[in-house]
Amino acid sequence: MADIKNLQGWAGYDAAQDAWAMIGSQFSPFFIAGQTKATQGATFRGWEAARKVLGKDLFCRPQETGDCVAVSATDMMNLTQLIEIVAGQNETFKPLFAPYAYAIGRCLIGKNQLKGRGAGSIGSWQAYGIQKYGVLAEETDGLPSYSGTLADKWGDDRDGWRKWIDIGDDHRIKTVSQVTTWSQLVDAVSNGYLATIASDLGFDNNLSSGYNRRKGSWAHQMGIWGVSDDKSKPWVAIHNQWGDRHERIRDFETEKEWPTGMLRVRPDDIEEAFRRGEVMVYSHFDGYPDRSNSWDDWAFITGV
5 MADIKNLQGW
15 AGYDAAQDAW
25 AMIGSQFSPF
35 FIAGQTKATQ
45 GATFRGWEAA
55 RKVLGKDLFC
65 RPQETGDCVA
75 VSATDMMNLT
85 QLIEIVAGQN
95 ETFKPLFAPY
105 AYAIGRCLIG
115 KNQLKGRGAG
125 SIGSWQAYGI
135 QKYGVLAEET
145 DGLPSYSGTL
155 ADKWGDDRDG
165 WRKWIDIGDD
175 HRIKTVSQVT
185 TWSQLVDAVS
195 NGYLATIASD
205 LGFDNNLSSG
215 YNRRKGSWAH
225 QMGIWGVSDD
235 KSKPWVAIHN
245 QWGDRHERIR
255 DFETEKEWPT
265 GMLRVRPDDI
275 EEAFRRGEVM
285 VYSHFDGYPD
295 RSNSWDDWAF
305 ITGV
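Under the numbering used here, read the sequence shown as residues 5 to 308, first letter to last.
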């Protein structure tokens, strides 16, 4: 496995602030329209959608380079697809291709500022890139397989990735907002709107306290897949896309194991990310609808 230093790829607080000054106005203020679900004290485990739809945990391909902003965002959007399917939307689940997301963030939104300077990006670049240009499914004709080498090439605007822009354009996230408080995060995630968290916060792999506590520094972005606002044992469920590096977590309440790669973190241990990081909520993915039962399509194909 790659050294974790080579898997960290958040460009840092100062760069994130500069990016926000340029594109922050493109994001909507955080607000859940028509919210009826009470969220105080709520618990939400997003990964249960994968278990319901797929019958297993979502497969998340481990990073091979510092493309964490893209891998975390596409993993989170894969899970968002499954949450939308459980909620009744007529979609077919299609895993997303992280190198394309990485390229649009670094090259189109970041305007190649990091070209030739190693792997990495910024959360707002990635979020706005997906909102503006969309994403590709892994099964898109002609796409190569994921690798760190490919991600590095595409992130430096090499190897002709731009020819797929018109395809990605059909599948966008409609709304992205930055959240700056624990209560906002609970409101978002408990309503099924997952998030990414980019910061310099590191965590240990010792669950003796029941939680992964703050330790060291990771310039890194990960996904937020669940929350609990339970007053006695609150938590935020963070998915780290480094593969099977963390001790498996057993749920406090259900006693079921969480998916591979999860961290269970106390809310107060992520407070600094609200001040000196990027916590971005994504909502309403324009996914891949299943049209197999459409009479209009059938008539067109058969010539009826």
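Glycine included, each C-beta is placed from N, C-alpha and C at the ideal position.
Opening and closing residue of the beta strand (DSSP E) in which residue i lies
| i | result |
| --- | --- |
| Gly-227 | 224-232 |
| Trp-239 | 239-243 |
| Thr-47 | 47-49 |
| Thr-200 | 199-203 |
Euclidean distance between Cα positions of residue i and residue j
| i | j | result |
| --- | --- | --- |
| Glu-88 | Trp-168 | 25 Å |
| Gln-245 | Val-75 | 7 Å |
| Tyr-17 | Gly-281 | 6 Å |
| Ile-134 | Arg-176 | 6 Å |
| Ile-274 | Leu-205 | 8 Å |
| Leu-112 | Gln-85 | 25 Å |
| Arg-55 | Trp-262 | 11 Å |
| Cys-64 | Arg-249 | 13 Å |
| Arg-268 | Ile-253 | 7 Å |
| Met-266 | Phe-48 | 15 Å |
| Gly-220 | Ser-232 | 25 Å |
| Asp-255 | Thr-264 | 13 Å |
| Gly-28 | Gly-127 | 11 Å |
| Gly-291 | Glu-143 | 14 Å |
| Gly-50 | Gln-67 | 21 Å |
| Met-284 | Val-180 | 7 Å |
| Tyr-106 | Tyr-197 | 21 Å |
| Asp-7 | Thr-153 | 15 Å |
| Ile-228 | Trp-239 | 11 Å |
| Cys-72 | Leu-11 | 7 Å |
| Ser-213 | Lys-237 | 11 Å |
| Asp-160 | Ala-241 | 32 Å |
| Gly-164 | Trp-158 | 8 Å |
| Gly-92 | Lys-60 | 19 Å |
| Gly-13 | Ser-125 | 6 Å |
| Glu-257 | Leu-189 | 21 Å |
| Ala-202 | Asp-174 | 27 Å |
| Arg-270 | Ala-155 | 32 Å |
| Pro-103 | Leu-83 | 18 Å |
| Leu-58 | Asp-79 | 15 Å |
Extent of the continuous alpha helix (DSSP H) to which residue i belongs
| i | result |
| --- | --- |
| Tyr-17 | 17-27 |
| Lys-56 | 52-57 |
| Asp-10 | Per the sequence presented here, residue 10 reads as Asn, with Asp not at that position. Neither: Asn-10 is in no alpha helix (DSSP H) and is coded neither H nor E. |
| Ser-76 | 72-90 |
Cβ-based burial, residue i [other Cβ within 10 Å; buried from 16]
| i | result |
| --- | --- |
| Ala-25 | exposed |
| Asn-116 | exposed |
| Ser-194 | buried |
| Ala-23 | buried |
| Ala-199 | buried |
| Pro-148 | exposed |
| Phe-289 | buried |
| Ala-15 | buried |
| Ile-305 | In this predicted model, Ile-305 has a pLDDT of only 34, less than 50, meaning its place in the structure is not dependable enough to derive any value. |
| Phe-101 | buried |
| Thr-185 | exposed |
| Gln-182 | buried |
| Arg-121 | exposed |
Residues sharing a beta bridge with residue i, DSSP
| i | result |
| --- | --- |
| Arg-218 | Phe-207 |
| Tyr-286 | Val-180 |
| Leu-100 | Ala-141 |
| Pro-293 | Glu-95 |
Quiz item: Counting only runs that start and end within the region 248-283, where is the beta strand (DSSP E) found for 3 or more residues in a row?
Solution: Listed in chain order, they are 266-269.
Practice problem: For the region 121-192, list the beta strand (DSSP E) runs that are entirely contained and at least 3 residues long, ordered along the chain. | Solution: 177-182, all fully within the region 121-192.
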